[in-house]
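Visitor: Just dropping this structure here.
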Amino acid sequence: METDDLIRLESITKIYGTGDAMVAALRDFSLTVASGESLAVMGPSGSGKSTLMNILGCLDTPSSGRYWFAGQDVSRLNETELAHVRNRRIGFVFQQFQLLSKLSAWRNVELPLLYRSVGDRRRLALQALEQVGLSDRINHRPGQLSGGQQQRVAIARALVTDPGLILADEPTGNLDTASSRDVLAVLRELNEQGRTIIIITHDPEVAPVAKRTVHVRDGQLVDQVAA
Ligand SMILES: Nc1ncnc2c1ncn2[C@@H]1O[C@H](COP(=O)(O)OP(=O)(O)O)[C@@H](O)[C@H]1O
Ligand SMILES: [Mg+2]
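To convert, note that position 227 of the sequence shown is 396 in this note's numbering; the numbers rise steadily by one, no gaps.
As structure tokens, then:
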């Protein structure tokens with residue numbers, strides 16, 4: 170694939186269940202995301218956003234159609250191969266932060282680097298924490314941090330492997346307005362540094378942080394709006 174596209178979904182369908190219980194969570198879904206883009210995905214509950222996130226994040230594979238990620242067809246990879254793409258090339262940010270409560274901020278951030286040497290891990294973790302403005306909180310545990318700070322630790326953890334893609338699923342869903350603003354400012358800055366960011370959200374306040382918004386309804390892409 171000779172383009173600058175990081176992501177190309179070609180007519181993806183995702184079916185759950187069989188017979189009467191069959192649900193088409195995504196139908197004939199095509200989407201291209203250029204390297205360095207920022208994209209917001211919006212849609213009501215049940216529209217297929219999490220299914221889309223799981224496929225984009227190589228956590229699941231489509232029932233039919235193709236998914237090209239960085240020029241590689243990842244739609245037919247087995248679990249081990251998917252895990253490899255996921256661990257090396259994609260950073261995840263979740264609504265619930267998903268930090269380990271007994272570990273300090275920097276110990277949480279180094280977790281995706283366990284295959285590296287100890288010295289490297291600490292240096293890279295501190296660097297990622299600096300990027301999210303938390304150099305003065307590296308030894309704090311999650312319970313000693315505000316929600317916004319915890320989410321910034323989670324973003325540092327997503328960043329630490331230097332992934333091409335950051336996928337954020339409702340990243341401000343558990344935050345107050347001020348913390349949301351901080352987290353969105355960090356995501357915007359990462360995008361300005363050239364990282365591709367996809368934010369899945371219900372919140373109309375979040376979407377403007379991305380340069381493009383797509384809407385999902387009943388498993389289909391309904392329109393695309395450039396900001
Ligand atoms: N593992 C699953 N098994 C069966 N149905 C599922 C599963 N995951 C999602 N669905 C169904 O697929 C549709 C889309 O769900 P989902 O992707 O979670 O939407 P959203 O994240 O937008 O709320 C819904 O009808 C949901 O009930
Ligand atoms: Mg969902």
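Glycine included, every Cβ here is placed at the ideal spot set by N, Cα and C. Bear in mind that the values here come from a model prediction, so they are computed numbers and not experimental data.
Would you say A379 and L208 are within 8 Å of each other, going by their C-beta atoms?
Guide: Residue mapping note: residue 379 aligns to position 210 of the sequence shown, counting from 1. Residue mapping note: residue 208 aligns to position 39 of the sequence shown, counting from 1. Yes.
Visitor: Looking at the unbroken alpha helix (DSSP H) that takes in E374, where does it start and where does it end?
Guide: Mapped onto the sequence shown, residue 374 falls at position 205. Premise fails: E374 is in no alpha helix (DSSP H) and is neither H nor E.
Visitor: Determine the DSSP secondary structure at E171, reduced to helix, strand or coil.
Guide: As a first step, residue 171 is located in the sequence shown; it is residue number 2 there, counting from the start. Reliability fails at E171, whose pLDDT of 46 lies under 50, so the model's placement of it is uncertain and no value is given.
Visitor: Could you name each continuous alpha helix (DSSP H) segment of 4 residues or more that falls completely within the segment 336-392, going from the start of the chain to the end?
Guide: You should have 346-361.
Visitor: Strictly by DSSP, which residues pair up with Y236?
Guide: The residue labelled residue 236 in the question sits at position 67 within the sequence shown. Y236 pairs with L178.
Visitor: Less than 6 Å between C-beta atoms, sequence neighbours within five positions excluded: which residues of the same chain meet that for L251?
Guide: By one-based count along the sequence shown, residue 251 stands at place 82. Hits under 6 Å: C227.
Visitor: Provide the residue(s) that pair with A209 in DSSP beta bridges, ordered along the chain.
Guide: Here residue 209 is taken as the residue at index 40 of the sequence shown, counted from 1. Paired residue(s): I368, T382.
Visitor: Quick check on R310: does DSSP put it in helix, strand or coil?
Guide: Locating residue 310 in the sequence shown gives position 141, counting from the first residue. Correct three-state label for R310: coil.
Visitor: I'd like to know whether the C-beta atoms of D242 and A203 end up nearer to each other than 8 Å.
Guide: Along the sequence shown, one-based indexing puts residue 242 at 73. Along the sequence shown, one-based indexing puts residue 203 at 34. No, these two residues do not count as a Cβ contact at 8 Å.
Visitor: Using the Cβ count rule (16 or more neighbours within 10 Å means buried), how would you classify M191?
Guide: What you label residue 191 is simply residue 22 of the sequence shown in a count that begins at 1. It counts as exposed.
Visitor: Should K271 be labelled buried (16 or more other beta-carbon atoms within 10 Å of its own) or exposed?
Guide: Residue 271 sits at position 102 when you count from the first residue of the sequence shown. That one is exposed.
Visitor: Would you mind reading off the limits of the beta strand (DSSP E) that contains A190?
Guide: For this step, residue 190 is matched to residue 21 along the sequence shown. Counting along the chain, A190 falls outside any beta strand (DSSP E), and DSSP gives it neither H nor E.
Visitor: Apart from the five residues just before and just after I181, which ones in its own chain have a Cβ nearer than 6 Å to its Cβ?
Guide: The residue labelled residue 181 in the question sits at position 12 within the sequence shown. Answer for I181: L195, F198, P231, G234, listed in chain order.
Visitor: Could you please give the first and the last residue of the uninterrupted alpha helix (DSSP H) stretch that includes G288?
Guide: For the purposes of this step, residue 288 is taken as residue 119 along the sequence shown, with counting starting at 1. 287-300 is the span of the alpha helix (DSSP H), which, as asked, contains G288.
Visitor: For a quick check, are the C-beta atoms of A274 and V322 less than 8 Å apart?
Guide: As a first step, residue 274 is located in the sequence shown; it is residue number 105 there, counting from the start. As a first step, residue 322 is located in the sequence shown; it is residue number 153 there, counting from the start. Yes.
Visitor: Should I176 and F238 be called a contact, given that it needs their Cβ atoms to be closer than 8 Å?
Guide: Taking the first residue of the sequence shown as 1, we reach residue 176 at position 7. Taking the first residue of the sequence shown as 1, we reach residue 238 at position 69. Yes, the pair counts as a contact, with Cβ atoms nearer than the cut-off.
Visitor: Between the segment 333-351 and the segment 364-383, do three or more beta carbon pairs fall short of 8 Å?
Guide: A contact exists between the segment 333-351 and the segment 364-383.
Visitor: Quick check: does the Cβ of S348 come within less than 7 Å of any heavy atom belonging to ligand 2?
Guide: The sequence position of residue 348 within the sequence shown is 179, counting from 1. No; taking the cut-off as 7 Å, the Cβ of S348 has no heavy atom of ligand 2 nearer than that.
Visitor: Closer than 7 Å: is that where the CB of S219 sits relative to any heavy atom of ligand 2?
Guide: Within the sequence shown, the letter at position 50 stands for residue 219. True, at least one ligand heavy atom lies under 7 Å from that Cβ.
Visitor: Verify the contact flag: S407, CB atom, against every heavy atom of ligand 1, threshold strictly below 7 Å.
Guide: As displayed, the chain neither begins before 170 nor continues past 396, which places residue 407 out of reach and without an answer.
Visitor: Quick check on the burial criterion: 16 or more other C-beta atoms within 10 angstroms. Buried or exposed for N247?
Guide: On the sequence shown, residue 247 is found 78 positions in, with the first residue counted as 1. By the 10 Å Cβ count, N247 comes out exposed.
Visitor: Whose C-beta lies closer than 7 Å to the C-beta of V278 among residues of the same chain, with five residues either side of it excluded?
Guide: As a working note, residue 278 is residue 109 in the sequence shown. If we look at V278 and ignore the five residues flanking it on each side, its Cβ neighbours are A294, A297, L298, V322, A325, R326, V329.
Visitor: Below 8 Å on the Cβ atoms is my contact criterion, and I expect M222 with I335 to pass it. Report the Cβ-Cβ distance as a whole number of Å.
Guide: Sequence index remark: in the sequence shown, residue 222 carries index 53 (1-based). Sequence index remark: in the sequence shown, residue 335 carries index 166 (1-based). At roughly 12 Å, the Cβ-Cβ gap does not stay under 8 Å, so M222 and I335 are not in contact.
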